Structure formats: C-alpha cells, structure tokens
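Accompanying notes for the structure given below.
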Amino acid sequence: MLSWSNPPSENVIGWLSWDGMPAVVVRDPDSGGLTAWSSAEPGKRWRTVDVRDVASEGRALSESDWKAAFECWFPNLSLSPKRSSKTRLHH
Numbered sequence: 391m392l393s394w395s396n397p398p399s400e401n402v403i404g405w406l407s408w409d410g411m412p413a414v415v416v417r418d419p420d421s422g423g424l425t426a427w428s429s430a431e432p433g434k435r436w437r438t439v440d441v442r443d444v445a446s447e448g449r450a451l452s453e454s455d456w457k458a459a460f461e462c463w464f465p466n467l468s469l470s471p472k473r474s475s476k477t478r479l480h481h
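The numbering used here puts the first residue of the sequence shown at 391, with every later residue one more than the last.
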C-alpha cells in the first residue's frame, strides 16, 4: 500500500466522500488505470484503497464541495484538478 502526506493532485477524475472520509480517484495517464486514495482521519497520511469500493460506496462531489466538506481535515490542501464537475466513475 502506498501512502502520501497529501492527496494526489495530478490526473484527479473524481472527488468523493467515502464513509465520511475524503477520497480521490486518479487516472494513470499512461495505462489509463484508476487508483483511489483516502485518508482515515484529519492529519493522517493518504493511502491507496480499493477503487471499486470507493466508486460503488462513495458519494461523488464537485471539487468545490469536496474542498468545503474536508476543509478542516486539510487546511493546507491545494489541488489543481483539470475538472471541477461531478464525475461518474466507470470501472
């Protein structure tokens, strides 16, 4: 399992609330594969999670709604995604 201090900011195609936790889905530009990342608690590292679980159980949010919902978790969060509308995930 990979982990990061902050969520990935490149190639994000979906922002979700998953069991009350922030999650993002990222598309690999080379392979086209999807990876999901989440953080269990404020200040905890981001880790890879099952993209199928996130896609089927998570609630899709717009980028701005996602940032507003999890603002207190990540006050220094700076994402530069390419899309800001709700994204339907296909797997």
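For glycine and all other residues, C-beta sits at the position ideal for the given N, C-alpha and C.
Quick caveat: nothing in here was measured; it's all calculated off a predicted structure.
Buried/exposed call for Ala426, threshold 16 Cβ in 10 Å
Result: buried.
Return yes when the Cβ of Asp418 is within less than 9 Å of the Cβ of Asn396, no when it is not.
no
Starting from Trp456 and walking both ways along the alpha helix (DSSP H), at which residues does that stretch end?
Glu453 to Ala459
If you measure from the CB of Met411, is any heavy atom of the ligand FAD nearer than 8 Å?
As presented, the structure is devoid of all ligands, the ligand FAD included, so that no description of it is given.
Count the other C-beta atoms from every protein chain shown that fall within 10 angstroms of the C-beta of Pro432, then say buried if there are 16 or more, exposed otherwise.
Under a 10 Å Cβ-count criterion, Pro432 is classified as exposed, with fewer than 16 other Cβ atoms of the shown protein chains found around its own Cβ.
Per DSSP, Val416 forms a beta bridge with which residues?
According to DSSP, Val416 bridges with Val402 and Thr425.
In whole angstroms, what is the alpha-carbon distance linking Cys462 and Ser454?
14 Å
Under the three-state DSSP convention, the category Ser474 falls into:
Any reading at Ser474 must be qualified, since the residue scores a pLDDT of 40, below 50, and its modelled position is unreliable; the value itself is stated next. Note: Ser474 maps to coil in three-state DSSP.
Strand pairing of Ser407, partner residues [DSSP]:
Pro412 and Arg449
Could you give the first and the last residue of the continuous beta strand (DSSP E) run that contains Trp436?
Element bounds for Trp436: Trp436 to Val439.
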